[in-house]
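Visitor: Under full-length UniProt numbering, the letters of the sequence shown match residues 1 to 689, in that order. Below is a structure I'd like to ask you about.
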Amino acid sequence: FLMERKPHVKINRKEVILAKLRKSCSCTPEKLKNFVMDFFPVLRWLPKYRCKEYIWGDVMSGLVIGIILVPQAIAYSLLAGLKPIYSLYTSFFANIIYFLMGTSRHVSVGIFSLISLMVGQVVDRELLLAGFDLNDDAPPALGDGSLQNDSLTNTTAFNLTIAGINAECGKECYAIGIATALTFVAGVYQVLMGIFRLGFVSMYLSESVLDGFATGASLTILTAQVKYLIGIKIPRSQGHGMLVITWINIFRNISQANLCDVITSAICIVVLVTAKELGDRYKHKLKFPLPTELVVIVVATLVSHYGNLNEVYASSVSGAIPTGFIPPKVPEFNLMLRVAVDALPLAIVSFVFTVSLSEMFAKKYAYTIRANQEMFAVGFCNIIPSFFHSFATSAALAKTLVKTSTGCQTQISGVISAMVVLLVLLFLAPLFYSLQKCVLACIIIVSLRGALRKFRDVPARYHVNKVDTLVWVVTMSASALVSTEIGLLVGIVFSMLCIVVRTQRPRTALLGQIQDTSFYEDDLEYENLSTVPKVKIFRFEAPLYYANRNYFLKSLYRLTNLDPNLEAARRKKYEKKEKQHLKKGNHRTANGLGIGETTLQLVPKQIDFQALVVDCSSISFLDTTGVNTLKEILKDYKNLNISVLLACCNPSVIDSLKRGGYFGRDFECMQEMLFYSIHNAVLFAKGQK
């Protein structure tokens with residue numbers, strides 16, 4: 001039977017677009033109010049805040065995250081190639097802005113190791129191009145926009161004209177100028193993506209790509225911190241292959257290792273790892289995580305200060321961290337042009353991590369987020385702070401997990417965390433002067449445990465899906481051995497190629513009937529299936545389009561053991577020889593058979609079926625090549641008196657076949673060519689005998 005299709009109402013796209021434009025461009029007080037409340041979600045949820053129910057959890061989680069943020073911000077400044085004060089600015093402003101604009105109740109937005117690494121790579125490259133020395137212990141230079149503090153009097157200023165900036169601008173000033181320009185452009189990209197609703201871009205970053213990227217970048221981060229762990233002076237490597245070059249330099253200079261830094265690093269790593277492992281084991285008994293990083297930093301700073309480790313053992317320290325805020329400054333436009341390309345992967349990675357974490361915790365705690373608004377939120381978390389000497393931000397999984405485990409209910413906790421950072425900014429920052437850089441490196445390396453543990457999951461990942469494992473390995477290797485940006489691009493391209501290859505060479509099968517049922521399955525996968533006499537049932541598990549047309553035909557011919565084109569050519573050749581013998585008056589054929597026996601030769605033994613049923617249940621769409629391929633096999637098999645029947649076609653495939661003329665001009669043969677189940681097609685084929 002043939003089901004009757006519902007009539008499709010033709011949509012006037014022009015009218016739809018004009019109606020949307022009229023609706024978008026109209027401005028009423030109610031619409032303006034909704035727009036403002038949608039743009040600042042805090043206006044919706046804050047008036048409904050249940051103070052007695054939520055306040056304790058928010059305050060507690062805010063304090064814990066604030067305590068964690070301070071040492072992490074100071075540590076991650078090493079990754080970004082900037083002074084610790086800028087990391088503190090970043091953490092402060094990001095929490096305030098996300099509180100106003102974010103739709104997730106739980107994510108912790110702020111400084112993030114991968115983003116800091118990507119910023120640091122751009123900063124280092126531009127500093128090298130500008131002629132600066134990347135040695136961390138080089139004297140800082142002050143100038144326009146740099147920090148003015150009484151503790152930084154012994155400085156050198158350079159009169160430079162760099163990228164159109166004609167001012168006294170030293171290394172530190174130029175570095176933060178590059179970082180803020182990069183951050184501003186990344187934020188603009190994110191806002192534009194929100195305006196044009198380009199959030200679908202994140203769909204091309206699969207879990208395997210993101211995990212591989214994070215693991216590869218973690219190896220790069222770890223490598224960059226080794227020189228601080230052992231206290232050696234090596235140049236900061238740039239460009240492709242940074243990981244390999246850095247390790248070569250480390251082993252070349254290993255003899256210059258600072259014994260004081262090595263001992264300090266060993267003690268700090270043991271303490272941090274032990275505390276983390278104990279925290280993970282007894283987390284169900286602890287009301288909040290142990291502030292191990294803060295304790296390590298406080299103790300290490302006191303030991304370094306009173307032991308004069310910098311003066312006696314030449315141990316590298318953080319140096320002066322001034323208090324207060326620098327006057328805001330507009331990022332330099334000329335610098336934006338230099339980093340416009342670098343800002344694109346930064347914007348995408350920042351957005352993807354934020355949205356994926358937001359969706360994860362929204363699903364866990366049964367509420368919804370708006371991905372487009374998240375894009376605006378993270379975009380403005382980059383744009384606005386860039387005027388206040390901050391760099392790029394993103395949501396971070398580790399801090400978000402801590403936030404939820406300590407009772408966070410809303411983004412009020414983010415404001416509390418910002419207040420903790422503000423306290424450090426205004427009063428406590430100078431106290432970290434004697435903090436050794438090797439301690440900060442230890443904190444960074446221990447924080448990478450989660451990403452580096454992904455290596456242990458490789459066997460399980462391989463068991464679940466070999467292709468995804470290959471994508472993870474390729475992305476991780478490219479991110480670590482080439483560069484993070486190239487690694488991300490390689491991962492995206494490779495994962496898409498894997499999808500293309502899987503549709504180019506999909507599974508194909510001949511189906512057999514499950515005994516005493518009307519169902520059919522793969523004859524090679526299941527036991528006790530019965531073959532249908534004189535009928536072949538072929539399944540193709542992918543869309544049929546130009547890239548897999550040849551594979552479709554080869555698989556069909558191989559499984560049915562019949563190539564209709566070769567068979568037709570063989571028959572023509574045989575008939576031609578027969579005619580030649582008959583013209584010569586020889587009534588015996590070339591094979592020595594009589595004329596009456598030639599019909600046996602025209603029907604070869606391998607043709608053991610009279611109908612071919614194509615199971616189209618897995619064919620999601622057809623392009624023009626796909627339609628022509630089905631028309632081709634229909635014609636070729638018809639020449640051999642074999643009927644071709646299609647089963648289980650979806651409506652879009654049927655429409656493509658109709659438009660391509662598969663069923664004839666007036667669809668007169670449609671009922672005899674198209675069936676809604678394999679069994680119906682088989683019954684029809686049996687009735688044709």
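We treat Cβ as the ideally placed atom computed from N, Cα and C, and that holds for glycine.
Hey, quick one: how far does the beta strand (DSSP E) through residue 615 stretch, first residue to last?
Guide: Segment 609-615, the beta strand (DSSP E) holding residue 615.
Visitor: Identify the continuous beta strand (DSSP E) that holds residue 522 and give its terminal residues.
Guide: From DSSP, the beta strand (DSSP E) with residue 522 extends over 520-522.
Visitor: I'd like to confirm the pairing. Which residues does DSSP put opposite residue 454 in its beta bridges?
Guide: Partner(s): none; residue 454 has no beta bridge.
Visitor: Note down, one range per segment and in chain order, each alpha helix (DSSP H) of at least 4 residues found wholly within the stretch 27-73.
Guide: Those alpha helix (DSSP H) runs which fall completely within the stretch 27-73 and span 4+ residues are 29-39, 42-45.
Visitor: Since residue 127 contacts residue 134 with CB under 8 angstroms, what's their CB separation in whole angstroms?
Guide: Between residue 134 and residue 127 the Cβ distance is about 6 angstroms, and since that is below 8 angstroms, they are a contact.
Visitor: How big is the Cα-Cα spacing for residue 324 and residue 431?
Guide: Whole-angstrom Cα-Cα distance: 14 angstroms.
Visitor: Which term fits residue 18, buried or exposed, when burial requires 16 or more other beta carbons within 10 angstroms of its beta carbon?
Guide: With fewer than 16 other Cβ atoms within 10 Å, it is exposed.
Visitor: With DSSP as the reference, identify every bridge partner of residue 674, one or two as the case may be.
Guide: Paired residues: 646.
Visitor: Kindly confirm or deny that the stretch 332-343 and the stretch 72-80 touch, where touching means at least three C-beta pairs closer than 8 angstroms.
Guide: No contact exists between the stretch 332-343 and the stretch 72-80.
Visitor: So residue 294 and residue 265 are supposed to be a Cβ contact under 8 angstroms. How far apart are they, rounded?
Guide: That pair is no contact at about 18 angstroms.
Visitor: Among 209, 686, 20, which one has its Cα closest to the Cα of residue 722?
Guide: Residue 722 cannot be examined here, being either before or after the span of the chain that is shown, 1 to 689.
Visitor: Fully enclosed by the stretch 519-583, which alpha helix (DSSP H) runs are 4 residues long or longer?
Guide: Segments of the alpha helix (DSSP H) lying fully in the stretch 519-583: 549-560, 564-583.
Visitor: Is it right to say residue 34 is buried, meaning 16 or more other beta carbons lie within 10 angstroms of its own, or is it exposed?
Guide: With fewer than 16 Cβ atoms within 10 Å of its Cβ, residue 34 is classed as exposed.
Visitor: Label residue 417 either buried or exposed according to how many other C-beta atoms from any shown protein chain fall within 10 Å of its C-beta, with 16 as the threshold for buried.
Guide: Classification of residue 417: buried, given that the 10 Å Cβ count is 16 or more.
Visitor: May I ask you to report which of helix, strand or coil DSSP gives residue 290?
Guide: Three-state DSSP puts residue 290 in coil, outside helix and strand.
Visitor: According to DSSP, simplified to helix, strand and coil, what is residue 471?
Guide: Here residue 471 sits in helix by DSSP.
Visitor: Tell me whether the beta-carbon of residue 90 lies closer than 8 angstroms to the beta-carbon of residue 327.
Guide: Going by C-beta atoms, residue 90 is not nearer than 8 angstroms to residue 327.
Visitor: In the DSSP assignment, what are the bridge partners of residue 512?
Guide: Answer is 521.
Visitor: Excluding sequence positions up to five away, which residues of its chain have a Cβ less than 6 angstroms from the Cβ of residue 246?
Guide: Result list for residue 246: 223, 237, in chain order.
Visitor: In three-state DSSP terms, what is residue 81?
Guide: Note: residue 81 maps to coil in three-state DSSP.
Visitor: Taking residue 272 as the reference, give the member of 56, 445, 399 with the closest Cα.
Guide: Taking only the C-alpha atoms, the option nearest residue 272 is 445.
Visitor: Can you tell which of 20, 684, 682, 107 has its C-alpha closest to the C-alpha of residue 393?
Guide: Ranking the options by Cα distance to residue 393, first place goes to 107.
Visitor: Do you know how far the Cα of residue 111 is from the Cα of residue 425?
Guide: For residue 425 and residue 111, the distance between alpha carbons rounds to 15 angstroms.
Visitor: Terminal residues of the continuous alpha helix (DSSP H) containing residue 323?
Guide: Run containing residue 323: none; DSSP gives neither H nor E here.
Visitor: Do you know how far the Cα of residue 450 is from the Cα of residue 478?
Guide: Each residue's alpha carbon lies about 20 angstroms from the other.
Visitor: Between the beta-carbon of residue 388 and the beta-carbon of residue 93, is there less than 8 angstroms?
Guide: A contact, by the Cβ cut-off of 8 angstroms.
Visitor: Can you tell me whether DSSP reads residue 162 as helix, strand or coil?
Guide: Reliability of the predicted coordinates at residue 162 is poor, the pLDDT of 44 falling under 50, and the value obtained from them is presented with this limitation in mind. Residue 162 falls in the strand class under three-state DSSP.
Visitor: Within the continuous alpha helix (DSSP H) that includes residue 190, where are the two ends?
Guide: Its alpha helix (DSSP H) spans residues 171-195.
Visitor: To the nearest angstrom, report how far apart residue 410 and residue 200 are at their CA atoms.
Guide: Cα-Cα distance, rounded: 27 angstroms.
Visitor: If you run the structure through DSSP and keep just helix, strand and coil, what is residue 620?
Guide: Residue state, collapsed to three classes: coil.
Visitor: Taking all protein chains shown into account, do 16 or more other C-beta atoms lie within 10 angstroms of the C-beta of residue 193, making it buried, or fewer, making it exposed?
Guide: Buried is the call here.
Visitor: Tell me the rounded alpha-carbon separation between residue 486 and residue 253.
Guide: Approximately 29 angstroms, taken between the alpha carbons.
Visitor: Just how far apart, CA to CA, sit residue 302 and residue 454?
Guide: Computed Cα separation, rounded: 36 angstroms.
Visitor: Is the distance from the Cβ of residue 97 to the Cβ of residue 349 below 8 angstroms?
Guide: No. Outside cutoff.
Visitor: Do you know offhand how far residue 687's Cα is from residue 573's?
Guide: Each residue's alpha carbon lies about 33 angstroms from the other.
Visitor: Using a 10 Å radius around the Cβ and a threshold of 16 neighbouring Cβ atoms, would you call residue 671 buried or exposed?
Guide: By the neighbour-count rule (16 or more Cβ atoms within 10 Å), residue 671 is not buried but exposed.
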